[in-house]
Structure formats: structure tokens, C-alpha cells
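Enquirer: This is the structure I want to talk about, given as C-alpha cells.
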Amino acid sequence: RQPLLPLNALLPPRGRILGGREARPHLRPHMASLQLDGEHICGGFLIAEQWVLSAAHCTEETDGKLFQVLLGAHSLTEPEPHKRLYRVRAQIPHPGSNVYNNEDDLLLLQVGTGPPLSPFPPCSPVLPFQREQRDVAAGTVCEVAGWGTVTHSGRRPDRLQQVERPVLSRDEYPPARSPRPRAHGAARSPQQPLAPQGDSGGPLVCNGVAEAVVTAGSRVCGNYKKPGIYTRIAPYAAWIDRVMGALSGQEDTP
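Per our numbering, the very first residue in the sequence shown carries number 3; after that it's consecutive.
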């Protein structure tokens with residue numbers, strides 16, 4: 003009887019971004035760093051007052067701990083006037099998410115009350131997300147930002163990085179990685195393909211709207227033949243509204 007394979011040998015690769023450049027400071031106040039014990043684990047973004055959207059698989063190795071959420075940061079370590087660290091009141095993965103695949107890979111976090119999220123000049127800290135169930139036109143250049151790995155050696159930046167990439171048509175998905183039409187999309191660039199760890203949960207932003215959440219990249223960093231996979235947000239808008247509606251307005255507890 004053959005022994006079972008290690009669990010991670012069966013899992014798809016998780017969200018990563020490779021390449022890009024340092025973002026202009028504080029033009030993306032919606033960007034969130036999900037942290038445990040002061041360490042950046044995943045990205046996320048503010049979609050409403052006290053609500054951050056991220057990827058459910060970010061919770062896989064947290065031993066049930068709740069994240070802390072850093073908002074308003076450009077540098078993860080340097081003092082900055084708009085930087086705020088919040089505790090998390092509720093951490094709700096989509097009920098369909100699991101460790102075996104990339105399906106339903108969304109996570110909602112309700113941050114506790116604390117220092118105000120504003121002012122964040124010149125931008126609003128809330129990023130609108132797509133509610134209309136439609137495909138982004140192939141070739142549309144969208145952007146991803148995060149504090150994930152930026153080199154093949156695993157170096158992580160202290161300052162927020164960004165990269166732009168075009169969206170693929172469904173006909174261009176490699177057959178072995180063709181995502182479920184309801185919930186996923188893909189993007190790539192031959193010059194700046196998807197890869198490094200730590201960017202999961204960040205938004206794919208097209209024309210100023212969050213269309214999707216970073217879910218998975220190629221297991222081989224920089225392989226442009228295997229595009230990054232993103233979880234589209236529109237099919238989950240009702241679930242997001244339902245969760246936020248059920249928990250918003252409840253009194254915060256110490």
C-alpha cells in the first residue's frame with residue numbers, strides 16, 4: 003500500500019506576483035497587509051468601512067489565530083502618518099473554500115474600531131468592487147499591488163510594489179489550468195508574469211474597480227505560459243453584502 007503524498011504536493015500553487023516596481027506612496031490607501039505577530043502574510047483591500055476583502059487560503063497555516071490588519075501603509079516598517087494597525091473582530095472565509103483547490107477563495111475581515119481610516123489624501127480609502135457579472139475585455143491592462151516576494155530568491159520588499167498586466171480571453175487559458183467560468187479569471191504578461199508569495203488576497207484593479215482577488219500563480223516563478231488565477235468578485239457580491247449586513251452595527255468588544 004503506497005503512502006499518501008504530502009498534502010502540499012496535491013495543492014495548486016498559491017497567490018504570488020513577480021516583477022514590477024515600487025508604487026507611488028499612499029495612492030492606494032485601500033491596500034491592507036494581513037499580519038500575524040507583526041509579519042506580513044497576505045494582502046487585502048478595504049471594500050467598506052471596517053471591512054477588508056482577501057483570500058480564504060491565507061488562513062490555512064494560521065492555527066486559528068485572527069489576523070491584524072495594517073491600513074494606510076506604504077512601508078511596512080517605517081513610521082508613516084496615515085498608517086493604522088487594527089485588530090480583527092471577525093474573520094469569515096467563504097463556506098465553499100477549502101485547502102484542496104482554489105474554489106471560492108474569498109475571505110472577509112471585519113476590523114475593530116480604532117483610529118479613523120481617514121484622512122488619506124488625495125484618495126478615498128475604500129476601493130469599489132465589481133458587482134456586474136461580466137468578463138473584463140481581453141487585453142485590458144489591469145494592475146496588482148502588494149508586499150509579496152519580488153525575486154526568485156524570495157526577497158520581500160518593505161515598500162508597496164505594483165505591476166500591470168493584460169487580461170486573457172477565456173480561449174487563451176491553458177487547458178490544464180482552465181478555471182471554472184463562474185468565479186475565475188486570468189492575466190499575464192510575457193515580461194512580467196505572475197509569481198511570488200505574499201500577494202494573495204490583493205485586488206486585481208481594472209479601470210479603478212476591483213474585479214478580482216489574487217488567488218494563485220505558477221509554481222515556477224515567471225512562467226508566462228501559466229497565467230495567474232484570480233477569483234472574480236461579482237459572483238460573490240450577494241454573499242459579501244449578506245455577511246457585512248449581518249455583522250455591521252454590532253458593538254465592538256475589547
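All C-beta atoms, glycine included, are put in the ideal place defined by N, C-alpha and C.
Three or more beta-carbon pairs under 8 Å between the stretch 30–40 and the stretch 67–75, yes or no?
Expert: Counting Cβ pairs under 8 Å, three or more are found: they touch.
Enquirer: Kindly indicate the opening and closing residues of the alpha helix (DSSP H) around Gly66.
Expert: That residue, Gly66, is in no alpha helix (DSSP H); it is neither H nor E in DSSP.
Enquirer: Report yes or no: do three or more beta-carbon pairs, one from the stretch 75–83 and one from the stretch 50–58, lie closer than 8 Å?
Expert: In short, these stretches do not touch, since the Cβ pair count stays below three.
Enquirer: Could you name the residues that DSSP lists as bridge partners for Thr142?
Expert: In DSSP, Thr142 forms no bridge with anything.
Enquirer: Could you tell me if Asn104 is buried or exposed, where buried requires 16 or more neighbouring beta carbons within 10 angstroms of its beta carbon?
Expert: Answer is buried; the Cβ neighbour count reaches 16.
Enquirer: Beta strand (DSSP E) containing Trp53: first to last residue?
Expert: Trp53 -> beta strand (DSSP E) spans Trp53 to Ser56.
Enquirer: To which residues of the same chain is His28 closer than 6 Å at the C-beta, ignoring the five residues directly before and after it?
Expert: Cβ neighbours of His28 beyond the five flanking positions: His76.
Enquirer: Please classify Val216 as buried or exposed, where buried requires at least 16 other C-beta atoms within 10 Å of its C-beta.
Expert: It counts as buried.
Enquirer: Give me the residue from Thr115, Asp201 and Val128 with the minimum Cα distance to Gln163.
Expert: With distances taken between Cα atoms, Gln163 lies closest to Asp201.
Enquirer: If you draw a straight line from the C-alpha of Cys208 to the C-alpha of Val143, how long is it?
Expert: Looking at the two C-alpha atoms, the distance is approximately 7 Å.
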